[in-house]
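Number 208 in UniProt numbering belongs to position 208 of the sequence shown; there are no gaps in the numbering. Each residue gets a CB set at the ideal place from its N, CA and C atoms; glycine is no exception. The structure under discussion appears below in the form of structure tokens.
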Amino acid sequence: MADPIAEDKAISGQPKNTVIADFDPPQKPKRNKFAIACSILACMTSILLGYDIGVMSGANLFIQDDLKINDVQIQILTGTLNIYSLIGSALAGRTSDWIGRRYTVVLSGAIFFVGAILMGVAPGYGFLMFGRFVAGIGVGYGLMISPVYTAEIAPTLSRGFLTSFPEVFVNIGILLGYVSNYAFSKLPAHLAWRFMLGIGALPAIILAVGVLAMPESPRWLVMQGRLGDAKRVLDKTSASKDEAQLRLDDIKEAAGIAKELDDDVVPVPKKSRGEGVWKDLILHPTPAVRHILIAALGIHFFEQASGIDSVVLYSPRIFQKAGIKSYDHKLLATVAVGFVKTIAILVATFFLDRFGRRPLLLSSVAGMIFSLVCLGVGLTIIDQHHDTVPWAIALCITMVLLNVAFFSIGLGPITWVYSSEIFPLKLRAQGVSMGVAVNRITSGVISMTFLSLYKAITIGGSFFLYAGIAAVSWVFFYMLLPETRGRTLEDIEVLFGKYHKWKKANALLKQSKQGDGEENKSQVN
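See the structure below:
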């Protein structure tokens with residue numbers, strides 16, 4: 001006999017409780033505002049590097065005038081911060097496993113603060129180099145810890161969006177450095193560069209205060225056996241309680257903690273505290289881990305080897321070679337570079353989780369190749385003409401802006417997103433620190449050789465060389481980097497390890513998921 005209450009509900013138009021969920025349209029998951037706020041605070045460390053890159057592009061003009069140093073000394077001064085940052089990034093993996101991600105962020109800001117003050121009061125070249133040594137260590141800590149913390153705090157559906165934040169803040173820092181150059185350019189040379197460098201201490205102070213509102217990484221808390229604290233952080237940073245529990249279970253499994261252990265504090269296997277990580281990463285990696293390591297180190301190498309630091313650090317000199325002689329006009333054009341770079345990276349953050357990593361990465365590098373070739377052509381034409389060539393000057397300025405835009409919409413943010421999300425949890429801190437080391441070494445070599453390079457093969461030839469390296473990187477990315485958008489750890493294990501045959505693994509993965517879906521449907525029917 002039919003249920004009269006159900007019949008009354010059907011007649012009156014009231015929904016049946018048992019089927020209403022079936023007719024609800026799927027709701028778009030909301031971004032977790034607390035996770036976004038935590039990511040923003042952690043990524044403040046990236047402003048420190050960005051500010052230094054931006055401010056040095058203009059400050060080195062005044063430093064050279066004031067201290068009467070040559071181009072080789074300027075190259076060394078500009079590029080050595082990247083080499084010094086290796087010390088910080090090498091120490092950051094172990095430090096963050098020891099004192100936690102949160103206090104490693106504090107340490108990064110404190111070290112950079114001291115370095116900025118030392119640079120601001122430097123009486124001469126030697127003391128200035130020492131200040132850059134201290135600041136470089138702080139930058140190295142920040143470069144490693146920002147993507148790691150953000151990847152560990154971010155919900156899966158927002159991982160690309162949030163993990164791109166470090167690169168966003170590098171760009172904001174570069175823009176602030178350019179603005180600082182222009183703001184202090186009217187001061188006498190001996191004061192201008194000191195104010196430009198010393199004012200970099202301000203973001204470090206803001207970082208030290210803001211970090212008090214950040215929770216510790218849930219992954220680090222689990223590695224210490226503090227499940228209760230980790231669950232409270234995950235509840236705040238996940239879209240739902242169910243997602244928080246799933247994330248906690250995944251982290252526990254990675255840490256070697258039994259799933260049934262649910263006490264607030266539990267014993268942790270020794271290996272999950274960091275022992276054996278280098279062995280699993282370098283000495284005896286699985287095929288998947290070896291492929292992951294090649295992909296991560298490769299993308300970091302090509303990010304810098306394609307010459308972005310030469311464009312950003314030496315843009316005033318590029319504009320000078322292009323025919324812009326006035327200090328004011330050179331610095332204003334540089335501010336435009338910073339503005340375009342920042343707008344492009346903000347656009348990219350919203351596309352990463354929508355279009356995926358590969359389409360943005362490949363189109364970004366293709367655009368960089370085009371802009372570098374055109375920039376090389378424009379600068380070569382200007383070099384060969386004694387008279388002003390207005391259209392070639394316009395071409396050079398346009399191509400500089402296009403180059404930084406294409407970089408910031410793909411290769412720039414994806415390098416940090418990709419390398420921080422593909423490593424297994426146990427290997428992430430050390431794997432990312434290796435990527436940062438490659439990134440900083442390559443950046444240091446590029447920034448310390450650009451002036452000598454363009455004197456040896458002409459400035460146009462330099463950019464043709466960078467275009468060639470970018471072309472090689474496009475092939476590397478196309479062949480070896482699978483799409484990771486929305487992939488689980490299990491999916492990544494399947495995709496990596498096949499090298500250039502990852503597309504076959506991807507097809508098998510899709511077939512497997514379709515088979516599982518059809519099996520579930522048949523069970524329901």
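With fewer than 16 other beta carbons inside 10 angstroms of its own, residue 347 counts as exposed. The count of Cβ pairs closer than 8 Å, one atom from the region 92 to 111 and one from the region 51 to 67, stays below three, leaving the stretches out of contact. Annotation: the continuous alpha helix (DSSP H) that includes residue 413 extends over 411 to 422.
Taking a contact to require three or more Cβ pairs closer than 8 Å, the region 415 to 425 and the region 164 to 183 qualify as touching.
Using a 10 angstroms sphere on the CB of residue 478, the tally of other CB atoms stays under 16, which defines it as exposed. Counting other Cβ atoms within 10 Å of its Cβ, residue 154 reaches 16 or more and is therefore classed as buried. In the structure shown, residue 321 adopts helical secondary structure according to DSSP, grouped into three states. The C-alpha of residue 76 lies about 46 Å from the C-alpha of residue 226. The C-beta distance from residue 319 to residue 330 rounds to 5 Å, short enough to meet the 8 Å contact threshold.
Only buried fits residue 109, as 16 or more other CB atoms lie within 10 angstroms of its CB. Our two residues, residue 460 and residue 46, have alpha carbons roughly 31 Å apart in a direct line. Residue environment: residue 33 is assigned as exposed (fewer than 16 neighbouring CB atoms within 10 Å of its CB, all protein chains considered). Here residue 304 is actually not in contact with residue 449; their C-beta atoms are around 12 Å apart, not less than 8 Å. Residue 291: member of the alpha helix (DSSP H) spanning 287 to 305, first to last residue. The Cβ atoms of residue 396 and residue 378 lie closer than 7 Å to each other. A residue is called buried once 16 or more other Cβ atoms fall within 10 Å of its Cβ, and residue 194 is buried on that count. Annotated as proximal: residue 58 and residue 181, with beta-carbon spacing under 7 Å.
Here residue 259 carries a coil assignment [DSSP, helix/strand/coil].
Straight-line measurement puts the Cα of residue 267 at about 13 Å from the Cα of residue 260. With a cutoff of 7 Å on beta-carbon distance, residue 429 and residue 96 are scored as near each other.
Just so you know, the alpha carbons of residue 279 and residue 285 end up roughly 7 Å apart. For residue 476, the closest of 132, 411, 370, 250 by C-alpha to C-alpha distance is 411. In the assembly as shown, residue 309 is a buried residue. Its beta-carbon has 16 or more other beta-carbons within 10 Å. Burial state of residue 439 is buried, judged by a 10 Å Cβ sphere holding 16 or more other Cβ atoms.
Residue 456 is classed as exposed because its beta carbon has fewer than 16 other beta carbons within 10 Å across all chains shown.
In the displayed model, residue 380 falls within a helix according to three-state DSSP. The distance from the Cβ of residue 210 to that of residue 41 is about 5 Å, consistent with a contact at the 8 Å cut-off.
Uninterrupted alpha helix (DSSP H) stretches at least 4 residues long and entirely within the region 167 to 218 occur at 189 to 198, 201 to 210, given in chain order.
A straight line joining the alpha-carbon of residue 199 with that of residue 121 spans about 11 Å. For the pair residue 146 and residue 236, the Cα-to-Cα distance works out to about 19 Å. The DSSP-derived three-state label of residue 43 is coil. The C-beta distance from residue 142 to residue 81 rounds to 12 Å, too long to fall under 8 Å, and the pair is not in contact.
With distances taken between CA atoms, residue 350 lies nearest to 161 out of 218, 161, 361, 90. Sequence-distant partners of residue 399 (beyond 5 residues in either direction) whose C-beta falls short of 7 Å from its own C-beta, in its chain, are 371, 374, 375, 378. In its chain, beyond the 5 residues on either side, 178, 179, 182 have a beta carbon closer than 7 Å to the beta carbon of residue 335. Membership of residue 314 in any alpha helix (DSSP H) is not indicated, and neither H nor E is assigned to it by DSSP.
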